[in-house]
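Chemist: For this note's numbering, add 448 to where a residue sits in the sequence shown, where the first one is 1. Supplied in structure tokens, the structure appears directly below.
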Amino acid sequence: DKIFINNINIYGNLKTEDHVLRRELKIAEGDVYNKGKIERGERSLRNLDYFSKLSLKLSPTQKDDRYDINIDVEEKSTASVGFDVGYNTAGGVFGRVSFLERNLIGTGKYLNAGIQAGKKSIYYYAGLTEPNFMDRDLSLGGSVFRSENGRGSGFTNQDMNYSMKSTGAKVNLGYDIVDDLTHSIDYLIKRDNLKAPKSTASVFIQEQMGNFVTSA
449 DKIFINNINI YGNLKTEDHV LRRELKIAEG DVYNKGKIER GERSLRNLDY
499 FSKLSLKLSP TQKDDRYDIN IDVEEKSTAS VGFDVGYNTA GGVFGRVSFL
549 ERNLIGTGKY LNAGIQAGKK SIYYYAGLTE PNFMDRDLSL GGSVFRSENG
599 RGSGFTNQDM NYSMKSTGAK VNLGYDIVDD LTHSIDYLIK RDNLKAPKST
649 ASVFIQEQMG NFVTSA
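Here it is as structure tokens:
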């Protein structure tokens, strides 16, 4: 005889919204019991990495052909802050501070932002991604960024006698081909502004001075 799923009960999710967990399950209330789908759903829940503990169990109901799925979770922090120090030959020493939230206010959205600064450059960005757009196997994200190179050089430093500012945005759309295999499409648009003193700049730089828009 066929067995059906009665209720899916979720306990312990003080922050994460119910639908964020339910959409990871491969089975819904009223469906025929399928052990494979339940195991894949449990794996997807663990892969979220939102919980320090997760338990998924079946329990019988008053009807012989219906079982409940009980999910008990214990949430953990999903935010992280990173600090980095590095060196490159063009700009020297730089420092970077980044922030990542993998479960923004319990909605399952990703928020990332950061700033990187050096003696002659600065770069900052912010982005937001919905990994299950419209509760489907689609991810939709967007980010904005701005960078300045040659900042503070005053056009007198022979190592970098130019200044370039870039401002742009990027949108990406991803989708699942099969389990554990995804594909994404990105669109980028940015505006570059290059300035340099004509008296000291090379011919190569002088020919590129001005505003340029890149669409890719």
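Every residue, glycine too, gets a C-beta built ideally from N, C-alpha and C. For clarity, every value in this text was computed on a predicted model and none was experimentally measured.
Sort Met612, Pro579 and Leu629 by Cα distance to Asn659 and report the nearest one.
Modeler: Cα-wise, what sits closest to Asn659 is Met612.
Chemist: What would DSSP say about Leu559, mapped onto helix, strand or coil?
Modeler: Looking at Leu559 - three-state DSSP - the assignment turns out to be strand.
Chemist: Taking the continuous alpha helix (DSSP H) assigned at Leu473, which residues delimit it?
Modeler: Run containing Leu473: none; DSSP gives neither H nor E here.
Chemist: Is the separation between the beta-carbon of Tyr481 and that of Ile453 shorter than 8 Å?
Modeler: Yes, they are a contact pair.
Chemist: Once DSSP output is grouped into helix, strand and coil, what is the label at Ser492?
Modeler: In the structure shown, Ser492 sits in a helix (DSSP, three-state: H, G or I).
Chemist: Between the alpha carbons of Tyr623 and Ser650, how many angstroms are there, rounded?
Modeler: Their Cα atoms are separated by approximately 46 Å.
Chemist: Using only the alpha-carbon positions, how far apart do Val529 and Arg550 sit?
Modeler: Straight-line Cα distance between these residues: approximately 12 Å.
Chemist: Consult DSSP for Glu465 and reduce its assignment to one of helix, strand or coil.
Modeler: It is coil, neither helix nor strand.
Chemist: Measuring CA to CA, which of Pro645, Lys450, Ala574 and Tyr515 is closest to Leu548?
Modeler: Residue Ala574 is the option with its Cα nearest to Leu548.
Chemist: Quick one: which unbroken alpha helix (DSSP H) runs of 4-plus residues sit fully inside the stretch 564-600? Chain order, please.
Modeler: The qualifying runs do not exist here; there are none.
Chemist: Buried or exposed: where does Phe499 fall if 16 or more other Cβ atoms within 10 Å of its Cβ makes it buried?
Modeler: Under this definition Phe499 is a buried residue.
Chemist: When burial is assigned at 16 or more other CB atoms within 10 Å of the CB, is Lys450 buried or exposed?
Modeler: The residue in question, Lys450, is exposed, as its Cβ has fewer than 16 Cβ neighbours within 10 Å.
Chemist: Does Thr630 pass the burial test, meaning 16 or more other C-beta atoms within 10 Å, or should it be called exposed?
Modeler: That one is exposed.
Chemist: Figure out for me which residue from Ile517, Gly616, Gln564 and Ile633 has the closest Cα to the Cα of Asp532.
Modeler: Selected option, being the one with the closest Cα: Gln564.
Chemist: Among the candidates Arg594, Lys463, Gly590 and Leu588, whose CA atom is the shortest distance from the CA of Ile570?
Modeler: The option with the nearest alpha carbon to Ile570 is Arg594.
Chemist: Should Ala644 go down as buried or exposed, given a rule of 16 or more other Cβ atoms within 10 Å for buried?
Modeler: With 16 or more Cβ atoms within 10 Å of its Cβ, Ala644 is classed as buried.
Chemist: Can you give me the start and stop residues for the beta strand (DSSP E) that Val619 sits inside?
Modeler: Its beta strand (DSSP E) spans residues Ser611 to Val626.
Chemist: Which ranges does the beta strand (DSSP E) cover as unbroken runs of at least 3 residues, wholly within the stretch 500-538, from first to last along the chain?
Modeler: Those beta strand (DSSP E) runs which fall completely within the stretch 500-538 and span 3+ residues are 514-523 and 527-536.
Chemist: Please state whether the Cβ-Cβ distance between Asp466 and Ile475 is less than 8 Å.
Modeler: In this structure, Ile475 does not lie closer than 8 Å to Asp466 by Cβ.
Chemist: Since I believe Leu636 is in contact with Ala664 (beta carbons under 8 Å), could you give me their beta-carbon distance rounded to a whole number of angstroms?
Modeler: That belief holds up - the Cβ atoms of Ala664 and Leu636 are roughly 5 Å apart, short of 8 Å.
Chemist: Measuring CB to CB, does Glu477 end up less than 8 Å from Leu493?
Modeler: Taking 8 Å as the Cβ cut-off, Glu477 and Leu493 do not qualify as a contacting pair.
Chemist: Secondary structure at Lys638, three-state DSSP: helix, strand or coil?
Modeler: Of the three classes helix, strand and coil, the one that applies to Lys638 here is strand, per DSSP.
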